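For the sequence shown, the numbering used here begins at 1 and goes up steadily by one.
Glycine included, C-beta positions come from ideal geometry on N, C-alpha and C.
Computed from a prediction, not measured in an experiment: that's the story for all the values here.
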Amino acid sequence: MTQPINPIKPITNFLSTLKKGCKYINCICPNAKTKRSGIFRVLIKFKAMKKVDISRLERNRSINLRIGFAAALSMAILAFGWTSQRPAAPAFQDDLFLQEAEVKVVRTAQKSPAAKPPPSMFKITDKIVELPEVVFDANPVPAIVDTTFYDEIDVEPVPALAKPTPIFSPPKEEAGKMPDYFKIVEEMPRFPGCKEEGLSKEEKQECATEQLLSYLGNEIIYPAIARNNGIEGTVVIRFIIEKDGSISQPEIVREIGGGCGAEALRVVKSMPQWLPGKQQGRPVRVQFNLPVKYRLH
């Protein structure tokens, strides 16, 4: 096991050697105080150092100087090139985060549209008439309803539809058959109460619509439950107008609650006989949808 080197020991040896040289010079020339005496002291000191070969050091001075400059230059270059930054992550790692997931789209076979039903065997010549919604106040009074009812009802113009033409002639054996009821006929049923002399079909239908709205406005009463709870909306009543003009099979198609549907159904059941609808000049059964709108003020 090697012992640690004492850094003070070489200095102590050098001082002791120098002290011995000074004693030697003082013995030879005790009164020497010139500069030359100092040089002699240094020379004597180097002579006392047995392990140092001055001639060898002087001979290798240029080589040692070059080695020292090379070492210093290498250390300087190494110091300038040294960096504490960590190496950047490989470029291919970024691609892992930027890559988007591919979504596969599964295509399903689309169903072919259902075949359209054959056109009606009867030729429709009149325009389709739809009744607007009826609006009722929360507190209906007969005198007030008569004056304000038409202000609350927006009667839209009747849209005119193109007259369809049959694609093929119906078979002869089915020409005499009639369906149970119709939704659209050549002459739509009308509410009674109009003087129809000298009026066209459009004017007759418009007059019948006004009579129907007036009748509903006078007969329907806003239910107290719906009025107290703020219930508003549209009720739809469906019924069939028979060949003699009577009302049959009335039912509530759309209900808003609060007794509004029941009140509208009651008034529909109490309506007088209509003028029946006709197809090819014969009375037929026609299905009718009546919208009734309840609105609070």
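Would you say residue i and residue j are within 8 Å of each other, going by their C-beta atoms?
| i | j | result |
| --- | --- | --- |
| residue 284 | residue 234 | no |
| residue 227 | residue 205 | no |
| residue 186 | residue 278 | yes |
| residue 287 | residue 181 | yes |
| residue 213 | residue 207 | no |
| residue 232 | residue 294 | yes |
| residue 296 | residue 217 | no |
How far does the beta strand (DSSP E) with residue i in it extend, from its first residue to its last?
| i | result |
| --- | --- |
| residue 234 | 233-241 |
| residue 294 | 286-294 |
| residue 249 | 247-254 |
| residue 277 | 277-279 |
Go to residue i, then tell me how far its alpha helix (DSSP H) extends in each direction, as first and last residue.
| i | result |
| --- | --- |
| residue 261 | 260-269 |
| residue 205 | 201-219 |
| residue 69 | 61-81 |
| residue 228 | 224-228 |
Between the alpha carbons of residue i and residue j, how many angstroms are there, rounded?
| i | j | result |
| --- | --- | --- |
| residue 221 | residue 263 | 7 Å |
| residue 313 | residue 195 | In the structure as shown, the chain begins at 1 and stops at 297. Residue 313 is therefore absent and cannot be evaluated. |
| residue 192 | residue 281 | 19 Å |
| residue 83 | residue 63 | 32 Å |
| residue 245 | residue 210 | 18 Å |
| residue 58 | residue 65 | 11 Å |
| residue 31 | residue 79 | Model confidence at residue 31 stands at a pLDDT of 49, short of 50, so the residue's coordinates are unreliable; what they give is reported in the following sentence. Rounded to the nearest angstrom, the two C-alpha atoms are 54 Å apart. |
| residue 259 | residue 201 | 36 Å |
| residue 29 | residue 14 | With a pLDDT of only 47 at residue 29, under the threshold of 50, the placement of this residue in the model should not be trusted, and no figure is reported. |
| residue 73 | residue 67 | 10 Å |
| residue 70 | residue 81 | 16 Å |
| residue 183 | residue 276 | 13 Å |
| residue 12 | residue 75 | 33 Å |
| residue 224 | residue 290 | 22 Å |
| residue 253 | residue 219 | 20 Å |
| residue 274 | residue 256 | 27 Å |
| residue 261 | residue 243 | 26 Å |
| residue 17 | residue 60 | 26 Å |
| residue 248 | residue 188 | 16 Å |
| residue 174 | residue 272 | For residue 174, the predicted structure reports a pLDDT of 47, less than 50, and the residue's modelled location is therefore unreliable. The matter cannot be settled from this model. |
Based on DSSP bridge pairs, tell me the residues matched to residue i.
| i | result |
| --- | --- |
| residue 187 | 278 |
| residue 182 | 286 |
Quick check: does the Cβ of residue i come within less than 7 Å of any heavy atom belonging to the ligand FMN?
| i | result |
| --- | --- |
| residue 186 | Here there are no bound small molecules, and the ligand FMN is not part of this structure. |
8 Å is my cut-off, CB to CB: does residue i come that close to chain B?
| i | result |
| --- | --- |
| residue 182 | Checking the listed chains, one finds no chain B in this structure; it contains a single protein chain. |
**OP:** Mind the definition here: the stretch 261-273 touches the stretch 235-244 only if three or more C-beta pairs lie below 8 Å; say whether that holds.
**Re:** yes
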